[in-house]
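Below: one structure, written as structure tokens.
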Amino acid sequence: MRWAHSLVTNRTTGARHDGEPSGDQGGRCLILVLHLRVEFGPEGSSVRVNRAGRATTEKPVSPSVSGMNANITQSPDISAPVPGSHATGGGVRAADAASAPRYQVLDVLRGFAVCGILLVNIGDITELGMDVPVVVGQGPSTTQNVLYYLVSTRFVPIFSLMFGMSLMFVADSARRRGVPAWQVLLRRMAGLLAIGLLHTLVYPGEVLKIYAVVGAVMIPIVLRAPRRLVAVLGIVATAASYGLAGSSELNVPGLFLLGAAAVAYGLPAFLERPDRRLVAVAVGLAALTGLAVFWQSRSDGGDPRFVSAGGIAGGVQAALYVALVALACATPLRRPLVAFLEPLGRTALSCYVGASCVVVPVGLLLGWRESTDLLPVLGVAVVVLAGQSLVARVWLRHFRYGPLEWAWRCLTWWKPQPMRRDGGQGLAAVQA
Numbered sequence: 001m002r003w004a005h006s007l008v009t010n011r012t013t014g015a016r017h018d019g020e021p022s023g024d025q026g027g028r029c030l031i032l033v034l035h036l037r038v039e040f041g042p043e044g045s046s047v048r049v050n051r052a053g054r055a056t057t058e059k060p061v062s063p064s065v066s067g068m069n070a071n072i073t074q075s076p077d078i079s080a081p082v083p084g085s086h087a088t089g090g091g092v093r094a095a096d097a098a099s100a101p102r103y104q105v106l107d108v109l110r111g112f113a114v115c116g117i118l119l120v121n122i123g124d125i126t127e128l129g130m131d132v133p134v135v136v137g138q139g140p141s142t143t144q145n146v147l148y149y150l151v152s153t154r155f156v157p158i159f160s161l162m163f164g165m166s167l168m169f170v171a172d173s174a175r176r177r178g179v180p181a182w183q184v185l186l187r188r189m190a191g192l193l194a195i196g197l198l199h200t201l202v203y204p205g206e207v208l209k210i211y212a213v214v215g216a217v218m219i220p221i222v223l224r225a226p227r228r229l230v231a232v233l234g235i236v237a238t239a240a241s242y243g244l245a246g247s248s249e250l251n252v253p254g255l256f257l258l259g260a261a262a263v264a265y266g267l268p269a270f271l272e273r274p275d276r277r278l279v280a281v282a283v284g285l286a287a288l289t290g291l292a293v294f295w296q297s298r299s300d301g302g303d304p305r306f307v308s309a310g311g312i313a314g315g316v317q318a319a320l321y322v323a324l325v326a327l328a329c330a331t332p333l334r335r336p337l338v339a340f341l342e343p344l345g346r347t348a349l350s351c352y353v354g355a356s357c358v359v360v361p362v363g364l365l366l367g368w369r370e371s372t373d374l375l376p377v378l379g380v381a382v383v384v385l386a387g388q389s390l391v392a393r394v395w396l397r398h399f400r401y402g403p404l405e406w407a408w409r410c411l412t413w414w415k416p417q418p419m420r421r422d423g424g425q426g427l428a429a430v431q432a
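Residues 1 to 432 (the UniProt record's numbering) make up the sequence shown, in order.
What follows is the structure, given as structure tokens:
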């Protein structure tokens, strides 16, 4: 939620920190008032920058978010060197004390979710096969089965989890700015509701309206409840919703709370720089996914969105996907993943709404209501996603946010936000 004129980048983790260029005197002046603390290294040791500009270590602290842990008022710490510690003309380039890191892996995961959601929703958006008589006893095609076991119900949970995380990032940004977090979040949900209502005109099955209403209800819990309680409520609500209804709108509150708790416990920083623990988690999730998918295959079959076993399998597999993407980002695969998915993730709202506006007229033009062939529909979805990634990448070279993200941001903070980039300056370090 903060933007600055320059950027200090940790190329190892992809974490971004806002910074201010300074000269000799400016650097020294900033050091006198600056108090920086970041987590880094496997032992989680922390670093302070003292008045002389020297980094000193201190006892590690647990990552948290203000409002859930009163001992820490900054957003969750990220594995990174001391931001702004590079000397410039005798001083240092000090980071803004009110800035927050941007976790690149979250943008990748958000873009990953956008891709999966379009692959699932494009048939509904274009009303594929609506005018074709139903043939009794006809099973799903091979293409449909691939979607049912790899895509359907697997990506909305990721999107919901990311949204829950964003609640915490926005709330923490509001606290750093000295404005009431509940007002900021309430305006944010109102803006999302307005966008969702407009999107309904194109795609009645869109999810933004639900996110806005549920998000508004979650505000008091996210802002006031201890992080342990938020985590427990999230686990209980998620387990209960999946147990009772499989994949449905009932999953959203629990996933929002899990996302908020994940930020409080430092999950974004862990995903940004995973270790062997995540490998062990991924192995366990893979085993659970195998069992869940087998259960799904032995159930009534059909679209897993309407089968309890399919919803549960989707939730477990979504967790596996998160772990696998985070692990992939710790390998040489990070570069292509970031190149394609990060632009989609940073403009997720614009891409989600924009895809509907593109595929609806395409479906009408190609007469998809009279067809049940899923392959060309998925082909169009892939082309749309590739085009959106390219356009978003070019767009973000000139603008700080996607068009809908900018409008939403203006509503959130209730004042015009900078849109264009300053010539030659760095990226805006904005988490949500």
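Every residue gets a Cβ at the ideal spot worked out from N, C-alpha and C, and that includes glycine.
In this text the structure is predicted, and so the values were computed from the model without any measurement.
- The beta carbons of Leu128 and Ser371 sit about 7 Å from each other, so the pair counts as a contact at 8 Å.
- Per DSSP, the continuous alpha helix (DSSP H) segment holding Gly111 begins and ends at Gln104 to Ile125.
- Sequence-distant partners of Phe155 (beyond 5 residues in either direction) whose C-beta falls short of 6 Å from its own C-beta, in its chain, are Ala113, Gly116 and Ile117.
- Met189 sits away from Arg369, with the two beta carbons spaced by 7 Å or more.
- Between Ser356 and Val202, the C-beta gap is smaller than 7 Å, which places the two residues in contact.
- Taking C-beta atoms as the reference points, Leu349 and Leu404 count as a pair closer than 7 Å.
- Between Arg298 and Ser152, the beta carbon gap of about 17 Å keeps them out of contact (Cβ cut-off 8 Å).
- Around the Cβ of Ser173, a 10 Å sphere holds 16 or more other Cβ atoms; the residue is buried.
- Excluding residues up to 5 positions away in sequence, Leu167, Val170, Ala171 and Ile219 lie with their Cβ nearer than 7 Å to the Cβ of Leu185 in the same chain.
- For Arg420, no alpha helix (DSSP H) run applies, since DSSP gives it neither H nor E.
- Per DSSP, the unbroken alpha helix (DSSP H) holding Tyr321 starts and ends at Ser308 to Ala328.
- Annotated three-state conformation of Phe294 is helix, per DSSP.
- For Arg228, the enclosing alpha helix (DSSP H) starts and ends at Arg227 to Ala245.
- Taking the Cβ atoms as the reference, Leu223 lies roughly 6 Å from Trp182, within the contact range of under 8 Å.
- DSSP lists Arg420 as the beta-bridge partner residues of Phe399.
- Note on geometry: alpha-carbon atoms of Leu198 and Ile235 lie some 32 Å from one another.
- Of all alpha-carbon atoms in Arg397, Arg400 and Val362, the one lying nearest the alpha-carbon of Val383 is that of Val362.
- Taking C-beta atoms as the reference points, Leu258 and Gly111 fail to come closer than 7 Å.
- By the Cβ criterion, the stretch 311-320 is in contact with the stretch 237-249, since at least three pairs of Cβ atoms, one from each stretch, lie closer than 8 Å.
- The beta carbon of Val214 is closer than 7 Å to those of Val252, Pro253 and Phe256 in its chain, skipping five residues each way along the sequence.
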